[in-house]
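Visitor: The following block contains the structure, expressed as structure tokens.
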Amino acid sequence: MTVSPPALGKPADGISAAAYALAGRRQSASVIRYWPWLVALLIAIVLPWLFYDWQHGRQSGFVLSMLSQMGMMIIFAQSFNMLMGQAGLLSFCHSVLFGFGGYSTVHFLNAAGAGTLPVPMELMPLLAGLSGLGFAIVLGYMVSKQRSTAFAMITLGIVQLVTSAATMFHHFFGGEGGVKTDREIGISLFGLEYGKSIQVYYLIVAWMMICAVGMYFLTNTPLGRMANACRDNHERAQFVGYDPRIVRFLQFALSGFFAGVGGGLFAITYEIVTFDAVAAPLAGNALLMAYIGGATTFVGPVLGAILITLMQSGVSLISNSWLIYVGVLFIAMVIFAPAGLTGLILAHAPIARTGQLHRLVVPYMRILVPGLIAVAGFVGLVELLSFLTIGAAQGKHLSLFGHPLQVNSVTPWLTSIACLLIGGYAFAWESRHFRRVWDSLTARPQPDAAR
Amino acid sequence: MTTPIVALRDVRKNFGATEIIRGVSLNVATGERHALIGPNGAGKTTLFNLVSGRFPITSGEIHLGATRIDRLPPHRINRLGLSRSFQITSIFHRLSVFENLRCSLLWSRGYRYSFWQPLGMQRALNEEAERLLEDLNLAARRDLPAGLLSYAEQRALEIGMTIAGGASVVLLDEPTAGMSHSETEHAVALIRRVTHGRTLLMVEHDMRVVFDLADTVTVLVYGQVIASGPPAAIRANRAVQEAYLGALAA
Chain A
23 MTVSPPALGK
33 PADGISAAAY
43 ALAGRRQSAS
53 VIRYWPWLVA
63 LLIAIVLPWL
73 FYDWQHGRQS
83 GFVLSMLSQM
93 GMMIIFAQSF
103 NMLMGQAGLL
113 SFCHSVLFGF
123 GGYSTVHFLN
133 AAGAGTLPVP
143 MELMPLLAGL
153 SGLGFAIVLG
163 YMVSKQRSTA
173 FAMITLGIVQ
183 LVTSAATMFH
193 HFFGGEGGVK
203 TDREIGISLF
213 GLEYGKSIQV
223 YYLIVAWMMI
233 CAVGMYFLTN
243 TPLGRMANAC
253 RDNHERAQFV
263 GYDPRIVRFL
273 QFALSGFFAG
283 VGGGLFAITY
293 EIVTFDAVAA
303 PLAGNALLMA
313 YIGGATTFVG
323 PVLGAILITL
333 MQSGVSLISN
343 SWLIYVGVLF
353 IAMVIFAPAG
363 LTGLILAHAP
373 IARTGQLHRL
383 VVPYMRILVP
393 GLIAVAGFVG
403 LVELLSFLTI
413 GAAQGKHLSL
423 FGHPLQVNSV
433 TPWLTSIACL
443 LIGGYAFAWE
453 SRHFRRVWDS
463 LTARPQPDAA
473 R
Chain B
1281 MTTPIVALRD
1291 VRKNFGATEI
1301 IRGVSLNVAT
1311 GERHALIGPN
1321 GAGKTTLFNL
1331 VSGRFPITSG
1341 EIHLGATRID
1351 RLPPHRINRL
1361 GLSRSFQITS
1371 IFHRLSVFEN
1381 LRCSLLWSRG
1391 YRYSFWQPLG
1401 MQRALNEEAE
1411 RLLEDLNLAA
1421 RRDLPAGLLS
1431 YAEQRALEIG
1441 MTIAGGASVV
1451 LLDEPTAGMS
1461 HSETEHAVAL
1471 IRRVTHGRTL
1481 LMVEHDMRVV
1491 FDLADTVTVL
1501 VYGQVIASGP
1511 PAAIRANRAV
1521 QEAYLGALAA
């Protein structure tokens, strides 16, 4: 097998980790090994400036808050994937660890503001992470007792428990209204005020990179590998000397640290934490992000976090129905691409290696066009329905490329239905053709692994 | 006979009201190659599951050297130097062949639950896993997910994972089941090579393999030992012939 240059998209569970390590050793000192990290960092640094409003000389508040949200969600989704993708543990209480980090940070910030906790802002996420770690150690004792379905049930119980506790224990959780804080605590390693969102954004970027590097490091340690092993076959793990329960416990606790950091950044960004930050829907979001991005790769949850946040903040601006689209996307991914977006991309690797990728361009165009028409038809129907019901109540008007559409007339409905049916049929037809081309490209005699 | 390294004293195991193992006493001497044979349903695999700690026993005692192991969980028994393979291949199917072997080495090389040592830098560990890969003739499959190996290769990996940790007592559960004649020959050669200097207890159906490999044969019928001794004596034993070898002798 050829040793390909290391990339972030490689499977996180060491399928090629050894080849990867070899390649890494050979070029250990070179920048090449770290290029995906550096590119990611560079993009994160430059991105807000692409949306800079030069006329008024200020950042786009919308873009900045979306990017900040992405940053913390990337940490959150990746830490969730330490459990789901890497250890095969579906946790519904990951939001609890995130939220606990958030609540703790609010109290830390308030204490710092009052002068009783002289910790600089830059290290607040570290404290948040330690809070998450501490809480995860407590919860881990319970959740690690079981695996698979029973594990998921325990975590579901915990998230319900903590969510209801959040509305009862006012001292820590602040009840329904949550707890507020002011992030301008005036203690900083670099003399920053953190009044501006751009400063907070860069704090998030810094911690996002620290967490990503940390979690990546963990995937290639004995514990990380045994988490994979327990995921694949927990019984065999016992017969090579490991107690799967301790593996689960440690993996859960460590993921709690990173979730806590994410929650801490949440508290710093929004200066308020309510029980939404511990509740189940947020844990569901982590699942969506990891799954849609691809739980089998290290970089998958990053893609998922970016995509879901885009839909959350971007699509929700244009459409009331954005959650429907997220839902449909999730179902479609689970059915057709269980390995997620990165899985889809990686599936092209064998074809790319034989230099046949160009032969997929035309078939892709042929499924893409009817596919987009069908999607347009579906979106049209959903939007028409939504404007017929809640849109009217909100006094909104539906328009397409600036042309107002009459929700009550027949034409848009018929057009949408026609698009959906014709596009859908053509898509189904073309996907058969696509499948044939795909199979002919992948069915070639596999290059023998012996070489 | 030297002191037994594995000793079973009147071991019994019930599943519900059914007694599957009905008072088995068995000594396996240090360095011995001991085969466990018997008709289907005799309780051979169950006995393995009891010795390796997969199931708790109902009554009796099991000793490994000086340690009583019948109340210990599997990972503790493994750490004491008793390792087993499975009749139905049990590997980490999504991990590469190399990773499977490295995982099997980790505990015995003292890594425990370390999350601070990067695996890529553990030179001695990695070299050992590579050596094992060569030993098993799996070097060509090094980076393939173990689940994609051929059946015979998976069986070889299974044996490799069982002996990787350097266990002094190795339990192999039908290591050649489902193999072709030539595959079986390879497997026997492999078993002979990798279990050199260790104590071997194996369940085996293929009589050629049993009489080829074993120093001692124990016959289990309906959860009881009906005979135990050198292969030649077992072959000549009338009760065994009636209970088990009859079909083969005919």
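Quick mapping for you: the protein sequence lines, in order, are chains A and B. Residue numbers for the first sequence follow my numbering, beginning at 23 and rising by one. Residue numbers for the second sequence follow my numbering, beginning at 1281 and rising by one. From the three backbone atoms N, C-alpha and C, an ideal C-beta is built for every residue, glycine too.
Within 10 Å of its beta-carbon, does R457(A) have 16 or more other beta-carbons around it, so buried, or fewer, so exposed?
Guide: Flag for R457(A) reads exposed.
Visitor: Could you pull the start and end residues of the beta strand (DSSP E) that S1363(B) belongs to?
Guide: S1363(B) -> beta strand (DSSP E) spans L1362 to R1364.
Visitor: Are the CB atoms of G316(A) and G365(A) nearer to each other than 7 angstroms?
Guide: Yes. Within cutoff.
Visitor: In three-state terms, what does DSSP make of T138(A)?
Guide: In this structure, T138(A) counts as coil in the three-state DSSP scheme.
Visitor: Could you tell me which whole beta strand (DSSP E) segments of length 3 or greater appear in the segment 1323-1400 of chain B?
Guide: Complete beta strand (DSSP E) runs here, min 3: 1339-1344 and 1362-1364.
Visitor: Are the beta-carbon atoms belonging to F102(A) and A308(A) less than 7 angstroms from one another?
Guide: Closer than 7 angstroms, so yes.
Visitor: Find the residues of chain A that neighbour H1373(B), judging by a C-beta separation of less than 9 angstroms, and give them in chain order.
Guide: Residues of chain A passing the Cβ test: D254 and N255.
Visitor: Less than 7 angstroms between the C-beta atoms of I328(A) and L287(A), yes or no?
Guide: The answer is no: Cβ separation not under 7 angstroms.
Visitor: Where does L145(A) sit, in a helix, a strand or coil, going by DSSP?
Guide: Reduced to three states, the DSSP call for L145(A) is helix.
Visitor: Can you tell me whether M94(A) is buried or exposed? The criterion is at least 16 other CB atoms within 10 Å of its CB, across all chains shown.
Guide: Buried.
Visitor: By the three-class DSSP mapping on this structure, what secondary structure does R205(A) have?
Guide: Coil at R205(A), not helix or strand.
Visitor: Let me know if K1293(B) comes out buried or exposed under the rule of 16 or more other beta-carbons within 10 Å of its beta-carbon.
Guide: Buried, since its Cβ has 16 or more Cβ neighbours within 10 Å.
Visitor: Assign D1453(B) to one of two classes, buried (16 or more other C-beta atoms within 10 Å of its C-beta) or exposed (fewer than that).
Guide: So D1453(B) counts as buried.
Visitor: Kindly list, in the order they appear in chain A, the residues whose Cβ is closer than 7 angstroms to that of H1355(B).
Guide: The answer, in chain order, is Q260, G263, Y264 and D265.
Visitor: Buried or exposed for A1519(B), going by 16 or more other Cβ atoms inside 10 Å?
Guide: A1519(B) should be labelled exposed.
Visitor: Are the beta-carbon atoms belonging to A289(A) and T138(A) less than 7 angstroms from one another?
Guide: Result no, Cβ atoms of A289(A) and T138(A) do not sit closer than 7 angstroms.
Visitor: Output, in sequence order along the chain, the residues in the segment 1492-1513 of chain B whose CB is closer than 9 angstroms to any CB in chain A.
Guide: Within the segment 1492-1513 of chain B, no residue qualifies.
Visitor: Compute the Euclidean distance between the alpha carbons of I1349(B) and G362(A), then round it to the nearest angstrom.
Guide: Cα to Cα, the separation comes out at about 45 angstroms.
Visitor: According to DSSP, simplified to helix, strand and coil, what is F400(A)?
Guide: Residue state, collapsed to three classes: helix.
Visitor: Tell me, to the nearest whole angstrom, how far the beta carbon of M237(A) is from that of M104(A); I am working on the premise that it is less than 8 angstroms.
Guide: About 6 angstroms separates the two Cβ atoms, so the contact holds.
Visitor: Taking 7 angstroms as the threshold (C-beta atoms), are I346(A) and V404(A) in contact?
Guide: Against a cut-off of 7 angstroms, the Cβ pair of I346(A) and V404(A) comes out as a contact.
Visitor: Using beta carbons (cut-off 7 angstroms, strictly below), is R1364(B) in contact with chain A?
Guide: Cβ-Cβ to chain A under 7 angstroms: yes for R1364(B).
Visitor: Would you please state the rounded distance, in angstroms, between the beta carbons of F400(A) and L442(A)? I believe it to be under 8 angstroms.
Guide: Correct: roughly 5 angstroms between the Cβ atoms.
Visitor: Extract the residue ranges of the alpha helix (DSSP H) inside the segment 1439-1510 of chain B, only unbroken runs of 4 or more that lie entirely within it.
Guide: Those alpha helix (DSSP H) runs which fall completely within the segment 1439-1510 of chain B and span 4+ residues are 1461-1474 and 1487-1493.
Visitor: Let me know the secondary structure DSSP gives L463(A) once reduced to three states.
Guide: Helix, per DSSP.
Visitor: Just verifying my parser: in three-state terms, what is the DSSP assignment at L44(A)?
Guide: Its pLDDT being 42, under 50, L44(A) is placed unreliably by the model, and the measurement read from it follows with that caveat. Here L44(A) sits in helix by DSSP.
Visitor: For chain A, check one thing: does any of its Cβ atoms lie closer than 7 angstroms to the Cβ of L1307(B)?
Guide: This sequence places Asn at residue 1307(B); Leu is not what is there. No - not a single Cβ of chain A is within 7 angstroms of the one on N1307(B).
Visitor: Short of 8 angstroms Cβ to Cβ, which residues in the segment 88-118 of chain A face chain B?
Guide: For the segment 88-118 of chain A, which is checked against every Cβ of chain B, not one residue is closer than 8 angstroms.
Visitor: Chain B beta carbons: is any one of them nearer than 7 angstroms to that of A51(A)?
Guide: Residue placement at A51(A) cannot be trusted, given a pLDDT of 49 that sits under 50; what the coordinates show is reported in the next sentence. No - not a single Cβ of chain B is within 7 angstroms of the one on A51(A).
Visitor: Can you find a CB in chain A that lies within less than 7 angstroms of the CB of Y1391(B)?
Guide: With 7 angstroms as the cut-off, Y1391(B) counts as an interface residue toward chain A.
Visitor: Run through chain A and tell me which residues come within less than 8 angstroms of M1441(B), C-beta to C-beta.
Guide: R258 and V262, listed in chain order.
Visitor: Reducing DSSP to helix, strand and coil, say where D298(A) ends up.
Guide: DSSP places D298(A) in helix when its eight states are reduced to three.
Visitor: Apart from the five residues just before and just after I373(A), which ones in its own chain have a Cβ nearer than 6 angstroms to its Cβ?
Guide: The answer, listed in chain order, is L379 and L463.
Visitor: What residue does the beta strand (DSSP E) around V1286(B) start on, and which one ends it?
Guide: Looking at the DSSP string, the run of the beta strand (DSSP E) that includes V1286(B) is P1284 to F1295.
Visitor: Check each residue of the segment 388-411 of chain A: if its Cβ is closer than 8 angstroms to any Cβ of chain B, include it; give the result in chain order.
Guide: From the segment 388-411 of chain A, no residue has a Cβ closer than 8 angstroms to chain B.
Visitor: Under the assumption that V1483(B) contacts L1316(B) (Cβ atoms under 8 angstroms), give the Cβ distance between them as a whole number of angstroms.
Guide: Sure, about 5 angstroms apart at Cβ, within 8 angstroms.
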